[in-house]
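For reference, the structure discussed in these notes is given below.
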Amino acid sequence: MRGEIRAWTVKMKYRGNGLGTGLLEEAVKFAQQRPGCDGVGFAVDHANSKRFLPRYFNRVFDESEERAREALNAAIVEKGGFGRKR
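With the UniProt record's numbering, the residue at position 29 of the sequence shown is 29, and numbering never jumps.
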């Protein structure tokens, strides 16, 4: 079983203060506490996954998703990863 994040956002005025990182860390911690959960990741079919514009115009969105994946991976490393007994 794998934890799935379907939406993740922070209001503009709170961005850059670590609130989003804290949310991801809590999601990882929540998933680690569930028996049988072996990981957490963003849903493939999330709120902003649909792309209607040509690929050239989607680059900004793709880069944003990549930064989000990197932030989630950092949160997993920070919380000790999965697969270990606690």
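Even for Gly, the Cβ is constructed at its ideal location relative to N, Cα and C.
Fair warning: this is a prediction, and the values are worked out from it, not measured in the lab.
With contact counted as at least three CB pairs below 8 Å, one residue from each stretch, are the segment 34-42 and the segment 70-78 in contact?
yes
How would you label Gln33, buried or exposed, when you count the other beta carbons within 10 angstroms and need 16 or more for buried?
exposed
Does DSSP put Gly22 in a helix, in a strand, or in coil?
helix
Identify, in the order they occur along the chain, each residue of the same chain with its Cβ nearer than 6 Å to the Cβ of Arg2, setting aside the five sequence neighbours on each side.
Gly39
Is the distance from the Cβ of Ile76 to the Cβ of Val10 below 7 Å?
no
Only counting the same chain, and skipping five residues up and downstream in sequence, which positions put a Cβ closer than 6 Å to that of Leu19?
Val10
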